[in-house]
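Novice:
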Amino acid sequence: MAAPPPPGSLPPPISGAASARLSPAERPNPEYQQLYQAYADAYGSIDRLRQALDGPVKTLGGTDAWLGPEAREWGGQLDANRGTLRKAADRILWDLYDRLSATQRTITRV
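Oh and the sequence shown: position 70 is 75 in the numbering used here, straight run, nothing missing.
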């Protein structure tokens with residue numbers, strides 16, 4: 006699963022002068038602002054999560070400090086968990102992206 010598009014590919018929240026140009030019946034949607042910020046924050050830091058197990062996998066595979074069938078089994082589990090972690094990180098981004106894409110930038114005043 007690939008990462009979703011970057012935050013800049015979505016319309017930014019409405020604020021400042023743009024909000025003054027809205028009709029009297031509309032106002033910026035605060036939920037959109039929060040989701041946009043959460044998506045931007047997650048997108049900017051998700052690589053740290055995706056790469057969290059790269060070092061241990063490299064260390065285990067690049068040294069002969071631990072050899073044998075148990076080491077190979079544990080290394081296989083570590084590598085599988087690394088794949089699971091990467092998929093989970095991408096899923097987090099996709100969930101935020103999908104929710105943000107489905108959220109209106111403005112709401113109607115009642």
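All C-beta atoms in this analysis are idealised placements derived from N, C-alpha and C, irrespective of residue type, glycine included.
(1) Kindly give me the distance between the Cβ atoms of P33 and R110, rounded to whole angstroms, as I take these residues to be in contact under 8 Å.
(2) Under the rule that 16 or more other beta-carbon atoms within 10 Å means buried, what is A107, buried or exposed?
(3) For P29, does the count of other Cβ atoms within 10 angstroms reach 16, so buried, or fall short, so exposed?
(4) Enumerate in chain order the residues of its own chain whose CB-to-CB distance from S20 is below 7 Å, with the five nearest sequence positions on each side excluded.
(5) Determine the closest residue to P1 out of I112, T113 and L105, with distance taken between C-alpha atoms.
(6) Counting beta carbon pairs with one atom in the stretch 87-95 and one in the stretch 45-59, are three or more of them shorter than 8 Å?
(7) Classify L40 as buried or exposed, calling it buried when 16 or more other Cβ atoms lie within 10 Å of its own Cβ.
(8) Spatial neighbours of T113 within its chain, please: CB distance less than 7 Å, with the 5 preceding and 5 following residues excluded, ordered by chain position.
(9) Looking at the unbroken beta strand (DSSP E) that takes in T89, where does it start and where does it end?
(10) By the DSSP assignment, the alpha helix (DSSP H) with T111 in it spans what residues?
(11) Just to check my reading of the structure: G80 and G66 have Cβ atoms closer than 8 Å, yes? What is that Cβ distance to the nearest angstrom?
Specialist: So, from the data block:
(1) Locating residue 33 in the sequence shown gives position 28, counting from the first residue. Locating residue 110 in the sequence shown gives position 105, counting from the first residue. That belief holds up - the Cβ atoms of P33 and R110 are roughly 7 Å apart, short of 8 Å.
(2) In the sequence shown, the residue the question calls residue 107 occupies position 102. A107 is exposed by the Cβ-count criterion.
(3) Position 24 of the sequence shown, counting from 1, holds the residue named residue 29. Label assigned to P29: exposed.
(4) By one-based count along the sequence shown, residue 20 stands at place 15. Excluding residues within five positions, the ones whose Cβ falls inside 7 Å are P33.
(5) Lying outside 6 to 115, the shown extent of the chain, residue 1 is not represented and no answer is given.
(6) yes
(7) Within the sequence shown, the letter at position 35 stands for residue 40. So L40 ends up on the buried side.
(8) Position 108 of the sequence shown, counted from the start, is the residue given in the question as residue 113. Closer than 7 Å at Cβ, skipping near neighbours: A30 and E31.
(9) Here residue 89 refers to the residue found at position 84 of the sequence shown. Careful: T89 lies outside any beta strand (DSSP E), inside the alpha helix (DSSP H) at P74 to S106.
(10) Along the sequence shown, one-based indexing puts residue 111 at 106. T111 -> not in any alpha helix (DSSP H); beta strand (DSSP E) instead, spanning T111 to T113.
(11) By 1-based counting over the sequence shown, the position of residue 80 is 75. By 1-based counting over the sequence shown, the position of residue 66 is 61. Indeed, because the Cβ distance is near 7 Å, the residues count as touching under 8 Å.
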